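In full-length UniProt numbering, the protein residues as written are 1 to 283.
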């Protein structure tokens, strides 16, 4: 995990504990002695890419630092029904409190990683990389982006703070591409910030305006056809990074990648996923 992710992950775990356990796991407290110990296993019940073991360990340590964790598989491993990812031993009350929190995180992260792997593998022999977007579940963004990386994709910006992305609305409200870019450069200079600038274009002519203004690190081709994308990539001619975005599906992904574009951003990596089925069972 990147060090800068840790505060977000810690806050998410605290929220998950508060919303699930509240003032106590009364079901476990009423029927499981506080000193009773046991062992459980994380059982995979579906084929896919495993993700979230690192986060599961943080959840377990947060609830009970005395728990013993025996890792069998790693994040990024391909799993099948019946595979055991890890064993964990400790106080049964703590294990039962961790069960649903741990599963919710790992099932979603594994679903994102599995979905990403399908997209990434389709163009793995090409130059183009698949990017995620900000279309994530509120509060889960760091975990979603970690899962994308585990699945073989790449991360776009984390949020509004680590890249300037001048999209159609920004450009229209600013009065055009040139004033938007010039405003971005002036803002960064005034604030002493050094973050990338990306600008969306809606036509081949827009590309000329971007380079006339200068200082842009990446150009995004918004809702271009594959053929128009090919022309746009040729027009940019390696002067900056290029990205395709807008309505690109698994069926059309390779056709876009074959244009030579550097990145393709796909919102479906994180907002149209199916969680991977798994369970935490006594053993």
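The beta-carbon is built from N, C-alpha and C at its ideal position, and this holds for glycine as well. Owing to the predicted nature of the structure, the values given are computational and were not obtained by experimental measurement.
Cα separation between residue i and residue j?
| i | j | result |
| --- | --- | --- |
| residue 94 | residue 53 | 17 Å |
| residue 150 | residue 260 | 24 Å |
| residue 211 | residue 176 | 14 Å |
| residue 233 | residue 240 | 10 Å |
| residue 103 | residue 16 | 12 Å |
| residue 167 | residue 135 | 15 Å |
| residue 180 | residue 169 | 10 Å |
| residue 33 | residue 64 | 16 Å |
| residue 238 | residue 91 | 58 Å |
| residue 218 | residue 58 | 36 Å |
| residue 131 | residue 72 | 29 Å |
| residue 29 | residue 21 | 11 Å |
| residue 100 | residue 144 | 18 Å |
| residue 165 | residue 155 | 14 Å |
| residue 244 | residue 140 | 25 Å |
| residue 161 | residue 188 | 12 Å |
| residue 6 | residue 231 | 42 Å |
| residue 159 | residue 31 | 45 Å |
| residue 248 | residue 172 | 24 Å |
| residue 267 | residue 226 | 18 Å |
| residue 35 | residue 70 | 21 Å |
Assuming contact is defined by CB atoms lying nearer than 7 Å, are residue i and residue j in contact in what I supplied?
| i | j | result |
| --- | --- | --- |
| residue 142 | residue 8 | yes |
| residue 229 | residue 236 | no |
| residue 11 | residue 42 | no |
| residue 200 | residue 220 | yes |
| residue 114 | residue 265 | no |
| residue 124 | residue 253 | no |
| residue 98 | residue 60 | yes |
| residue 45 | residue 81 | yes |
| residue 246 | residue 222 | yes |
| residue 117 | residue 76 | no |
| residue 107 | residue 1 | no |
| residue 213 | residue 178 | yes |
According to the neighbour-count rule (16 or more other Cβ atoms, all chains shown, within 10 Å of its Cβ), is residue i buried or exposed?
| i | result |
| --- | --- |
| residue 110 | buried |
| residue 137 | exposed |
| residue 276 | buried |
| residue 250 | exposed |
| residue 203 | exposed |
| residue 208 | exposed |
| residue 193 | exposed |
| residue 256 | buried |
| residue 24 | exposed |
| residue 19 | exposed |
| residue 198 | buried |
| residue 68 | exposed |
| residue 186 | exposed |
| residue 190 | exposed |
| residue 96 | buried |
Residue i and residue j look like a contact to me (Cβ under 8 Å); what is the Cβ gap, rounded to whole Å?
| i | j | result |
| --- | --- | --- |
| residue 56 | residue 105 | 7 Å |
| residue 119 | residue 280 | The pair is not a contact, with the Cβ atoms about 29 Å apart (cut-off 8 Å). |
| residue 39 | residue 283 | 5 Å |
| residue 224 | residue 129 | Not a contact, Cβ separation roughly 18 Å. |
| residue 79 | residue 48 | 6 Å |
| residue 196 | residue 163 | 5 Å |
| residue 112 | residue 273 | 5 Å |
| residue 126 | residue 258 | 7 Å |
Report task. For the region 215 to 256, list the beta strand (DSSP E) runs that are entirely contained and at least 3 residues long, ordered along the chain. Result -> Runs of the beta strand (DSSP E) inside the region 215 to 256: 218 to 222, 241 to 245.
Requested in this report: Can you check the region 72 to 142 for any beta strand (DSSP E) of at least 3 residues that lies completely inside it and give the ranges in chain order?
Outcome: Here the runs fully enclosed are 84 to 91, 129 to 131.
Query raised in the report: In chain order, which beta strand (DSSP E) runs of at least 3 residues are fully inside the region 144 to 178?
Result: Secondary structure in the region 144 to 178: the beta strand (DSSP E) runs of 3 residues or longer, each lying completely within the stretch, are 164 to 166 in chain order.
Query raised in the report: In chain order, which beta strand (DSSP E) runs of at least 3 residues are fully inside the region 23 to 68?
Result: Within the region 23 to 68, the complete beta strand (DSSP E) runs of at least 3 residues are 37 to 44.
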